[in-house]
């Protein structure tokens with residue numbers, strides 16, 4: 001077993017003790033306490049891995065990986081030790097055969113010091129990697145390694161990755177690409193050793209014709225632009241290790257976004273992909289975890305002389321439970337193409353004073369492993385100037401660096417980085433954190449006066465470290481000084497699968513309060529492949545719940561039509577439905593809305609399962625029949641009674657009216673002050689998982705032949721009041737017979753693209769959701785906390801709340817006042833209106849349910865509301881000016897629950913030319929043309 005903390009300089013130092021300096025806590029310059037002082041070793045080529053084994057075991061780590069060259073220490077601190085010949089089994093370094101003859105200055109080079117790389121990870125603990133029988137390393141320049149996704153299914157064992165060697169011919173370009181090695185010496189910190197590398201690389205580049213447009217060129221690496229020239233780029237510009245890491249990362253990037261993500265994970269994934277780093281402002285990390293981590297770190301530091309770099313590796317069960325958070329894990333797995341390893345964690349202390357000589361990570365650098373992710377959790381406040389924050393060069397994670405072999409090839413000058421990139425300082429409060437790709441150019445800020453303590457968690461693509469371990473490459477994959485976990489996890493269509501299976505609940509333990517893209521710098525647009533779709537019978541614009549429902553009902557009708565759904569964001573990171581409260585009710589004032597929701601609940605409970613029968617689709621949408629509870633003041637009592645009569649007339653007999661006494665008896669947590677009447681749906685009302693419904697309909701439609709295409713519609717060609725074709729974002733022209741506008745909040749824009757026609761009064765408006773926790777079970781006056789089956793309660797003020805799972809968590813929200821409710825754009829969802837919670841929602845919650853006066857806000861997010869400015873009702877039917885354009889949008893907050901019924905109705909219009917079940921004529925476009933609104937009183 002490994003020791004809990006790094007053995008750094010101890011107060012009772014003994015002859016032969018060792019420590020690492022000038023590097024990190026798993027790799028650095030070896031210093032030995034000998035003859036009464038610490039000294040670093042000016043080495044020669046006789047040092048080997050056996051000596052590394054001895055040193056690393058002395059440091060409390062499990063294995064020595066390699067000897068490496070490190071920057072020299074101060075000349076006056078050179079050790080008398082010159083060489084050590086070890087078997088690898090010795091107790092400490094001085095038990096090896098030691099050469100003590102050295103005396104004088106280390107003049108070999110600025111990299112003459114002996115360093116070691118240690119690890120707590122063994123190759124057999126990584127997912128197995130199988131190479132071809134005739135495999136040899138290093139590969140030839142024209143050979144590339146390709147590792148397939150594993151096929152272990154539900155096995156308990158770690159997956160096996162089968163790798164093959166492909167021959168890459170390498171299409172060459174126009175030979176007008178620059179030679180980045182000619183004038184790039186100033187970019188590197190260690191210039192003397194880099195001269196030889198640059199000269200050799202320049203000769204290699206001249207052997208290949210590459211076009212300037214194939215990449216964005218930097219002095220340290222390139223960003224691929226034209227995949228057709230990949231072969232020439234990798235052979236002409238990358239070192240052997242550079243090619244290997246490029247191959248592994250290139251393949252996983254091509255497999256990204258294969259799995260749809262829930263909104264929080266999608267936002268996190270998108271920020272990582274765009275910037276390479278994302279701030280996590282509220283991790284929801286229990287304070288006890290932070291205290292345990294600091295205690296373990298304190299025990300290690302107590303053994304040190306002075307304030308030094310230190311690491312501890314305690315077992316933190318609560319942290320290990322927290323790391324199964326589905327939002328975080330899903331985003332990480334998606335970033336790595338669906339298959340990831342959570343290798344381990346450690347607790348690290350950065351002292352208040354250090355330099356680049358003390359801490360090699362204080363230079364701008366990348367981590368020499370290609371794409372990997374590190375999560376850093378702050379254990380103290382980190383000031384941007386004094387707290388030694390990590391700095392990151394945004395967008396640099398997309399670079400393929402020319403070299404990965406040696407330490408000096410990956411250290412860059414401050415002037416170069418600041419000139420070429422937009423850099424940020426990742427500072428923040430205790431309990432916050434950040435996630436970043438260590439392929440980004442980054443550094444620990446040496447300037448400052450405060451200590452910094454963090455928890456560091458590390459992730460890789462699942463096959464990568466297995467490949468690197470088997471090839472015995474001197475790369476930190478994984479970083480060696482962690483507490484090993486070696487958890488494999490992957491994205492499946494249903495969930496995240498962990499191996500070994502977790503002994504903790506794999507539910508959403510937290511939601512991130514806010515995911516902040518660090519800066520809005522201009523990033524190059526990502527090229528999308530041309531769509532293969534050129535013609536379809538029905539083109540559905542928008543692949544959210546309405547579009548997916550239309551597609552599924554059309555396909556289920558068996559009319560033999562070719563149906564294509566065009567959705568610009570297959571991750572659904574900003575889709576409205578998954579960001580909603582997920583409610584369904586029959587408590588409306590218009591019969592048509594009651595009927596739509598009657599079919600909606602039947603769809604959730606029965607019809608969806610029927611449509612998914614025989615298909616590998618999970619039709620369980622986690623419907624909780626906890627009901628809706630609507631509360632009315634004396635002024636609103638008459639309207640509530642009128643609506644109830646409508647509902648009863650439509651067959652919703654389970655909706656009960658309750659006076660204040662009945663309400664207090666049924667809901668003892670409720671304060672009925674100012675309440676004249678309540679309306680409660682005892683069954684067939686409640687809430688469900690919107691994401692599960694969307695994915696079930698989408699996958700069931702795809703299984704029936706519907707094509708979902710990740711493209712935006714950028715143009716509509718209309719001739720003689722008839723749509724002939726759509727133009728997609730990649731320039732593809734798609735001939736169409738019928739178009740369904742299911743674009744939600746942007747449905748009005750789709751109609752605008754048709755030219756001078758009657759506009760659709762649908763605009764995007766922002767709505768905010770808040771998740772909070774209630775600590776007290778009973779108030780001081782004996783009022784209980786609302787239970788875990790609390791109905792979706794709508795107060796007369798418009799504030800609503802419901803329980804969210806168990807553990808006394810609740811969702812809440814409210815619509816802004818009309819004067820504050822403005823049209824917005826898609827980026828509005830990046831910002832939550834916290835004043836709404838503080839000034840409107842919280843006071844109303846505390847008044848209506850006294851136990852909600854003392855709550856803790858845990859998470860929040862915003863979504864888009866497709867607001868019909870005419871009457872806040874949906875628009876369903878043919879456009880009066882465009883003969884083959886069907887409208888299905890503008891549902892103003894009810895689209896999720898009405899999606900099944902609307903999808904069926906639109907399918908009927910297309911298949912039969914009229915409605916066969918629910919007559920939605922009252923919601924037609926004609927009322928817009930006539931300016932005759934149809935108002936629904938039950939709008940909240």
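In the UniProt record's numbering, the protein residues as written are 1 to 940. Built from N, CA and C at the ideal position, the CB exists for glycine as well. Predicted, not measured: the structure shown is a model, and the values here were computed from it.
Considering only DSSP beta bridges, list what residue 411 is partnered with. Residue pairing by DSSP puts residue 411 in a beta bridge opposite 365.
Measuring CB to CB, does residue 829 end up less than 8 Å from residue 862? For the 8 Å CB-CB criterion, residue 829 and residue 862 form a contact.
For residue 403 and residue 18, I'd like the C-alpha separation in whole angstroms. Approximately 31 Å, taken between the alpha carbons.
Taking the alpha carbon of residue 150 as the reference point, which residue from 703, 589, 337 and 189 has its own alpha carbon closest? Checking every option, the nearest Cα to that of residue 150 belongs to 337.
Check whether the Cβ atoms of residue 340 and residue 148 sit closer than 8 Å, and answer yes or no. Not closer than 8 Å, so no.
Taking three-plus beta-carbon pairs below 8 Å as touching, is the region 594-613 in contact with the region 743-759? At 8 Å Cβ cutoff, the stretches do not touch.
Do you know how far the Cα of residue 350 is from the Cα of residue 225? Rounded to whole angstroms, residue 225 to residue 350 spans 39 Å at the Cα level.
Outcome for residue 695 when other beta-carbon atoms lying within 10 angstroms are tallied against a minimum of 16: Burial call: buried.
Three-pair Cβ contact test at 8 Å for the region 176-189 versus the region 371-378: No, the region 176-189 is not in contact with the region 371-378.
Report the residue from 85, 322, 564 and 269 whose alpha carbon sits nearest the alpha carbon of residue 711. For residue 711, the nearest C-alpha among the options comes from 564.
Within the same chain, show all residues whose beta-carbon is closer than 7 Å to that of residue 888, passing over the 5 residues directly before and after it, in chain order. So the list reads 546, 550, 740, 741, 742, 876, 902 and 906, once near-sequence residues are dropped.
CA-CA distance, residue 228 and residue 455? Rounded to whole angstroms, residue 228 to residue 455 spans 42 Å at the Cα level.
Validate contact between the region 672-689 and the region 576-585 using beta carbons, cut 8 Å, 3 pairs: Yes: at least three Cβ pairs fall under 8 Å.
Among all the DSSP beta bridges, which residues are the ones paired with residue 584? Residue 584 pairs with 686.
Can you tell me the Cα-Cα spacing of residue 538 and residue 764, whole angstroms? CA-to-CA, the gap between residue 538 and residue 764 works out to about 25 Å.
With a 10 Å radius around its C-beta and 16 neighbouring C-beta atoms as the bar for buried, classify residue 931 as buried or exposed. Around the Cβ of residue 931, a 10 Å sphere holds fewer than 16 other Cβ atoms; the residue is exposed.
Compute the Euclidean distance between the alpha carbons of residue 620 and residue 609, then round it to the nearest angstrom. Residue 620 and residue 609 have their C-alpha atoms spaced approximately 8 Å apart.
Along the chain, which unbroken stretches of the alpha helix (DSSP H) at least 4 residues long are found entirely within the region 165-232? Whole alpha helix (DSSP H) segments, 4+ residues: 191-205.
Is the number of C-beta pairs between the region 77-85 and the region 433-444 that are closer than 8 Å three or more? Not touching, per the Cβ criterion.
Using the rule of at least 16 other Cβ atoms within 10 Å of the residue's Cβ for burial, across every protein chain shown, is residue 409 buried or exposed? Residue 409 is buried by the Cβ-count criterion.
Do three or more CB pairs link the region 55-62 to the region 115-123 at distances below 8 Å? Contact holds: three or more Cβ-Cβ distances are below 8 Å.
Taking the alpha-carbon positions, what's the residue 422 to residue 240 distance? Those two C-alpha atoms are separated by around 29 Å.
Nearest-angstrom Cα separation, counted from residue 920 out to residue 908: As the crow flies, the alpha-carbon of residue 908 is around 11 Å from that of residue 920.
Identify the continuous alpha helix (DSSP H) that holds residue 267 and give its terminal residues. Counting along the chain, residue 267 sits inside the alpha helix (DSSP H) bounded by residues 263-275.
Buried or exposed: residue 262, going by 16 or more other Cβ atoms within 10 Å of its Cβ? Counting C-beta atoms within 10 angstroms of its own C-beta, residue 262 has 16 or more neighbours from the protein chains shown and is therefore classed as buried.
Neighbourhood of residue 411 by C-beta distance below 8 Å, restricted to the same chain and skipping five residues each side: By the criterion of a C-beta distance shorter than 8 Å, residue 411 is surrounded in its chain by 188, 189, 190, 360, 363, 364 and 365, once the five residues flanking it on both sides are discounted.
In or out: residue 5 buried (at least 16 other Cβ within 10 Å) or exposed? Model confidence at residue 5 stands at a pLDDT of 33, short of 50, so the residue's coordinates are unreliable and nothing is read from them.
Whole angstroms is fine: what's the gap from residue 126's alpha carbon to residue 397's? Looking at the backbone, the Cα of residue 126 and that of residue 397 are separated by about 25 Å.
Residue 32 and residue 22: beta carbons closer than 8 Å? For residue 32 and residue 22, no; Cβs fall outside 8 Å.
Where do the ends of the alpha helix (DSSP H) carrying residue 137 lie? Neither: residue 137 is in no alpha helix (DSSP H) and is coded neither H nor E.
Could you check what DSSP says for residue 18 in three-state terms: helix, strand or coil? Strand at residue 18.
Enumerate, from N- to C-terminal direction, the unbroken beta strand (DSSP E) stretches of 3 or more residues contained entirely within the region 621-649. Qualifying beta strand (DSSP E) stretches, in chain order: 628-632.
Nearest by alpha-carbon distance to residue 668: which of 936, 767, 222 and 782 is it? Ranking the options by Cα distance to residue 668, first place goes to 782.
Where do the ends of the alpha helix (DSSP H) carrying residue 912 lie? Segment 895-912, the alpha helix (DSSP H) holding residue 912.
Along the chain, where does the alpha helix (DSSP H) containing residue 572 start, and where does it finish? Careful: residue 572 lies outside any alpha helix (DSSP H) and carries neither H nor E.
Counting C-beta neighbours from all protein chains within 10 Å, is the total for residue 678 16 or more, i.e. buried, or is it exposed? By the neighbour-count rule (16 or more Cβ atoms within 10 Å), residue 678 is buried.
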